[in-house]
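J.: As you go down the protein sequences, you meet chains A and B in turn. All residue numbers for the first sequence refer to the numbering used here, where the first residue is 19 and numbers rise by one. All residue numbers for the second sequence refer to the numbering used here, where the first residue is 19 and numbers rise by one. Beta carbons: idealized from backbone N, C-alpha and C, even for Gly. Values in this document were obtained by computation on a predicted structure and should not be read as measured data.
Number of protein chains: 2
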Amino acid sequence: MVGILIYEDNDSLRDSLANLLTLSKDLLLLGAFARADDIATHISQFRPEVILMDIEMPGINGIQAVRQARTIDKKVHIIMLTVFDDNKHVLDAICAGASGYLLKKHLSDGLPEAIRQVMDGEPPMSRGIARMIIAGMQQTTAAPAANDYKLSAREKEILSHLAGGEGLKAMASALSISLDTVRTHIKNIYEKLQVHSQSEAVSKALNEKLV
Amino acid sequence: MVGILIYEDNDSLRDSLANLLTLSKDLLLLGAFARADDIATHISQFRPEVILMDIEMPGINGIQAVRQARTIDKKVHIIMLTVFDDNKHVLDAICAGASGYLLKKHLSDGLPEAIRQVMDGEPPMSRGIARMIIAGMQQTTAAPAANDYKLSAREKEILSHLAGGEGLKAMASALSISLDTVRTHIKNIYEKLQVHSQSEAVSKALNEKLV
DNA sequence: CCCGCCATCCCCTGTTTATGGTATCCGCCC
DNA sequence: GGGCGGATACCATAAACAGGGGATGGCGGG
């Protein structure tokens, strides 16, 4: 028996969802609310295993609610419900800890199924959501890829030590080379990266994923 | 008609894939190779629309191959084939630019279907892959959340300037305070972060998302 | 074979940081 | 009102770093 909470501000949709759930006798609706402001209390009180969460709501929005829920109960499964299929909301919700994502127009057929999936550790995904996630990941990681400072292998090594917060002396010891050699490499790195201090180099290295 | 290239080092699997493709008359196998070292040449030569790519191969691995392919042809769709269902490879491949991901044990039934999906902009996903992606995203963004160094607002400001690669003098000017004051703040930051240099502080700040 | 790139090392000079101590002012809370 | 944390500021010393120079050996390509 799977305990479920619903957060959805549209009254008729909330009722439909509730009805949908009562049709499956392995699903138990514990509560349905129009806003998530008291989600912390609800979770402590009802101990749900699955939460259906709207994104757009009065009071705190669904993504904040997910964050709160996660801090209280790390194991609860959260399925986002939304009319939006825009990239940003999807990514935010998943980063906040949502387990799955359903567009409202698709859930009339597959909701009980989706709940069973998520209980099995299988995240339910509306058509197109997976694509958005992939697009989002590629975007966030592929964007800064137009940099080639032609650092030599050794220079990259030195730079990674630098980015690890090591001082020049420590590096010299770690790499078993002279302090002056380290300094020479770093001079060359500065030249190639067009920077003038350790912290600037570290900043550039970490921000542009050079290490 | 969809032009396809295959990279797969297992001979019999490669043959099976090729056979599978010839069964669908809207799919056209342009070539099948045991290693991807010359993928750049192949793409220029065959102009494929879809590439099936193994991850584990002699020579350059599938993920590097994806990266190369993407730089040559941004529009080509790449479906990864693998026996591994471990998180890291999946994430790496997708970040490198793969459009979809199939476990080898699942592809005997759905390969032509998957190719049509990917042509429609719908990424094919073996069962469980989506979950891994979500887990990966949650992990990369939710992991460093247990740090509270109790930096004051001003200290965070100073730290963010530091992480931007600014020197102390520049900061003093930018914030219209004395160089000595900047120093004092930095001393306190070092104390709270338990570090002893700019680069160490920057490293910690960027890695633990303190800024 | 020579040239260029890389890694290694050394020296020198001036600037910047790290670390310590001290001190004033302000706002907040008991 | 006294204590406390935060922001501001100054001084002094020692260490570390930036930027300039020059030098050596190895290794690969034309």
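1) Beta-carbon of residue 80 of chain B versus every beta-carbon of chain A: anything under 8 Å?
2) Would you tell me roughly how many angstroms separate the C-alpha atoms of residue 57 of chain B and residue 190 of chain A, rounded to the nearest one?
3) Just to confirm, are residue 75 of chain A and residue 53 of chain A a CB contact at a threshold of 8 Å?
4) Going straight from the alpha carbon of residue 23 of chain B to that of residue 137 of chain B, what length do you get?
5) Report the partner residues of residue 100 of chain A according to the DSSP bridge assignment.
6) Are the stretch 106-122 of chain A and the stretch 82-98 of chain A in contact at 8 Å, needing three or more beta carbon pairs?
7) State the CB to CB distance for the pair residue 216 of chain A and residue 216 of chain B, rounded to an integer number of angstroms; the pair is presumed to be in contact (CB under 8 Å).
8) Please classify residue 62 of chain B as buried or exposed, where buried requires at least 16 neighbouring CB atoms within 10 angstroms.
9) Tell me the rounded alpha-carbon separation between residue 161 of chain A and residue 110 of chain B.
10) For residue 214 of chain B, which three-state DSSP category applies?
11) Residue 216 of chain B versus chain A: which residues are under 7 Å apart at the beta carbon?
12) Is the stretch 205-213 of chain B close to the stretch 171-190 of chain B, with three or more CB pairs under 8 Å?
13) Pick out whichever of A/168, A/90 and A/121 has its Cα sitting closest to the Cα of residue 98 of chain A.
14) Given this structure, state the Cα-to-Cα distance separating residue 214 of chain A from residue 188 of chain B, to the nearest angstrom.
15) What's the C-alpha gap between residue 65 of chain B and residue 21 of chain B?
16) Report the partner residues of residue 50 of chain A according to the DSSP bridge assignment.
17) Is the Cβ of residue 221 of chain B closer than 8 Å to any Cβ of chain A?
18) Just to confirm before moving on: does the CB-CB distance between residue 100 of chain A and residue 73 of chain A stay below 8 Å?
19) Is the shortest distance between the beta-carbon of residue 183 of chain A and the beta-carbons of chain B less than 8 Å?
20) Short of 7 Å Cβ to Cβ, which residues in the stretch 29-40 of chain A face chain B?
21) Work out the CA separation of residue 29 of chain A and residue 221 of chain B for me, nearest whole Å.
22) Could you work out which residues of chain A lie near residue 213 of chain B, taking near to mean beta carbons separated by less than 7 Å?
23) Residue 31 of chain B to residue 182 of chain B, Cα distance in whole Å?
24) Taking the straight line between their C-alpha atoms, what separation do you get for residue 77 of chain A and residue 78 of chain B?
T.: With the structure as the only source:
1) Residue 80 of chain B does not count as touching chain A.
2) So the alpha carbons of these two residues sit roughly 40 Å apart.
3) With contacts defined as CB atoms closer than 8 Å, residue 75 of chain A and residue 53 of chain A qualify as a contacting pair.
4) Answer to the nearest angstrom: the Cα atoms are 14 Å apart.
5) Per DSSP, A/121.
6) The stretch 106-122 of chain A is in contact with the stretch 82-98 of chain A.
7) Rounded, the Cβ-Cβ distance is 6 Å, consistent with contact.
8) Only exposed fits residue 62 of chain B, as fewer than 16 other CB atoms lie within 10 angstroms of its CB.
9) Any reading at residue 161 of chain A is ruled out, since the residue's pLDDT is 49, under 50, leaving its predicted position unreliable.
10) Residue 214 of chain B falls in the coil class under three-state DSSP.
11) Those within 7 Å of residue 216 of chain B in chain A are 216 and 217.
12) Contact between the stretch 205-213 of chain B and the stretch 171-190 of chain B is present: 3 or more CB-CB pairs across the two stretches fall below 8 Å.
13) Nearest of A/168, A/90 and A/121 to residue 98 of chain A, Cα basis: A/121.
14) Approximately 13 Å between the Cα atoms of the pair.
15) So the two alpha carbons sit approximately 8 Å from each other.
16) Answer by DSSP bridge pairing, in chain order: A/24.
17) Residue 221 of chain B counts as touching chain A.
18) It is a contact, given that the beta carbons lie within the stated cut-off.
19) Output row for residue 183 of chain A: interface = yes.
20) Hits within the stretch: zero.
21) Their backbone Cα atoms lie some 49 Å apart in a straight line.
22) 183, listed in chain order.
23) When rounded, the distance between both Cα atoms is 51 Å.
24) Straight through space, the alpha carbons of residue 78 of chain B and residue 77 of chain A are spaced by roughly 52 Å.
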